[in-house]
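So the structure is just underneath, and the comments pick up after that.
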Amino acid sequence: MQKRCRIIYNPTSGREALKHDLVEILNILERAGYETSAFATTPEPNSAKNEAMRAAKAGFSLIIAAGGDGTINEVVNGIAPLKHRPKLGIIPAGTTNDYARALKIPRESPIEAAKVIAQGETVKMDIGQANDKYFVNIAAGGLLSELTYSVPSEFKTLFGYLAYLVKGAELLPRVKPIKMHLEYDDGVFDDKASMFFLALTNSVGGFEQIVPDASLDDGKFTLIVVKTGNLIEIMRLITMVLNGGKHINDPRILYVKTAKVVAKSVDSKMMINIDGEYGGDAPMKFKNLKRHIEIFANTKDIPDRAITETKEAIDDAKKNFVDGVQELDSDQLLELDKDDK
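852 is the number of the first residue of the sequence shown in my numbering; add one for each residue after it.
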């Protein structure tokens, strides 16, 4: 029987480079043995999700999510509830492209990403379930996680991950801890924190050292709770992340592995971020679905080949942030702390 592939692509994702490469992508997949067709998402709610579910029920053996992390999330939400799930391919065309980064899929060239699918190597990936929704990379709650809502989409399109660094630095002084109640496999956290998040991969918001020991298929989330809301301490923790993931043993961080979490707000509303988008409010139950979806990946760890000006700017921004924090003297730290209060 002829294998069938459906590409679900976001025509406005990233810098819209995907549309220029679509014909070549179709050719690559056809040569790999797939009868391939494409569907452009529309502004209607759940466009990618609905098409993914339709294609899966119609018997397509491969569905490709072509776009940013939001498009991947929608496609996964379309196929995850089904008993018979097609394989999933990813062609990144967004800004941070966390999931593609974790799977070592080329992020600068849709054509090279299509070649990864054509070579046929797959991994069975854990995904998360949050009440009746699904996610592939991260779920989070707390005021620190709400920074992502404040980055305009136009800014993300133009500047990519650099947008998060710039906007995040601007908004950090507003972050305050809130009381939260978190139940996980081996315990309970019932205290104030500026953020909790559940990670499925090692790449979160473009940082690859937030979860340095991440496993893609062990059936466990990495639960991280940032206990402090102090601006200086948060800056120090970010520096530790950028300097090789040294934050995981810091007393201001709770860092544990767990298959499930129940998150509840205590004194105030707590918005939940699912794969970078608003996903509802606490209370919310999270469950890890072990090895739930088979996904094409660069299992030989082919590195990204393209070094763009944007990437260089990001690296410079990271270095400047780390250097700047490390060079702060005690008087400057006291002044920052006074401003924070």
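For every residue, glycine included, the Cβ atom is placed at its ideal position computed from N, Cα and C.
Handout entry: Neighbour-count burial assignment, K908, 16 or more Cβ in a 10 Å radius
Key = exposed
Practice task
May I ask you to list the residues that DSSP assigns as paired with N1073?
Solution key: Reading the sequence as shown, one finds Thr at residue 1073 and not Asn. DSSP lists A1050 and K1108 as partners of T1073.
Problem - N- and C-terminal bounds of the alpha helix (DSSP H) containing P961 - result: That run of the alpha helix (DSSP H) goes P961 to Q970.
Practice task
Write down the C-beta distance between D920 and Y950 rounded to the nearest angstrom, noting that I regard them as a contact closer than 8 Å.
Solution key: 6 Å
Exercise for the section: Could you name the residues of the same chain whose beta carbon sits closer than 8 Å to that of D1042, not counting the 5 residues immediately before and after it, in chain order? Expected result: K1030, M1031 and K1078
Exercise for the section: Could you pull the start and end residues of the alpha helix (DSSP H) that S1066 belongs to? Expected result: Neither: S1066 is in no alpha helix (DSSP H) and is coded neither H nor E.
Exercise for the section: Leaving out five residues on either side along the sequence, give the residues of the same chain with a beta carbon under 6 Å from the beta carbon of I1075. Expected result: F1048 and Y1106
Practice task
Helix, strand or coil for L873, going by three-state DSSP, please let me know.
Solution key: L873 carries a helical assignment under DSSP once its states are collapsed to helix, strand and coil.
Problem - Cα-Cα separation, M1135 to A1114 - result: 5 Å
Exercise for the section: Kindly indicate which three-state DSSP category R855 falls into: helix, strand or coil? Expected result: strand
Handout entry: Proximity of E1059 and R952 at Cβ, strictly below 8 Å
Key = yes
Exercise for the section: Taking I908 as part of the alpha helix (DSSP H), name the residues at either end of that continuous run. Expected result: For clarity, residue 908 is Lys in the given sequence; the question names Ile instead. Looking at the DSSP string, the run of the alpha helix (DSSP H) that includes K908 is S898 to K908.
Practice task
Verify the CB distance criterion: does G1130 have a CB-CB separation below 8 Å to chain C?
Solution key: Within the model displayed, chain C is absent; a lone protein chain is all it includes.
Exercise for the section: Would you mind sorting H871 into buried or exposed? The rule is 16 or more other CB atoms within 10 Å of its CB. Expected result: exposed
Practice task
Have a look at E925, F1072 and Y1129 and flag the residue whose alpha-carbon is nearest the alpha-carbon of D1252.
Solution key: A query on residue 1252 cannot be resolved here, the shown segment of the chain reaching from 852 to 1192 and no further.
Problem - Reduced DSSP secondary structure (H/G/I, E/B, other) of R882 - result: helix
Handout entry: the stretch 1110–1124 in contact with the stretch 962–972 per 3-pair CB rule at 8 Å
Key = no
Handout entry: D1042 in three-state terms, based on DSSP
Key = strand
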